[in-house]
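K.L.:
Start counting the sequence shown at 1; every next residue gets the next number (the UniProt record's numbering). Built from N, CA and C at the ideal position, the CB exists for glycine as well. Quantities reported herein were computed from a predicted structural model and do not represent experimental measurements. Before I ask anything, let me first share the structure, which is written out below as structure tokens.
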Amino acid sequence: MSERKYEIEKFNRSNSFVLWSIKMRVLLTTQGLAKALDGEDKLPIIMKAYEMIELMERAKSTILLNLSNEVLIEVTEENDVAAL
């Protein structure tokens, strides 16, 4: 099975946040990471702790990589995936 690479325009405040967030949700969904947007407390209770941590870290990394440098520098300390 080949892995597809999807790219979206980085959010830089001059583009539409609404469109960017829709595309980010789709991107996270294709990567199996969209559940992270609901927060850790909404993840399945059968999920192991290390799986939750990995899911949240992968989702956070994906979001951060899709922000412009100017926006990224302002949110690097944010740990809540949904808040990003």
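1) What number of angstroms, rounded off, separates the C-alpha of E57 from the C-alpha of E74?
2) Specify the secondary structure class of L67 as computed by DSSP and reduced to three states.
3) Report buried or exposed for A59, applying the criterion of at least 16 other Cβ atoms within 10 angstroms of its Cβ.
4) Output the boundary residues of the alpha helix (DSSP H) element that contains S21.
5) Within 10 Å of its beta-carbon, does I22 have 16 or more other beta-carbons around it, so buried, or fewer, so exposed?
P.N.:
Judging by the given coordinates:
1) 18 Å
2) strand
3) buried
4) F17 to T30
5) exposed
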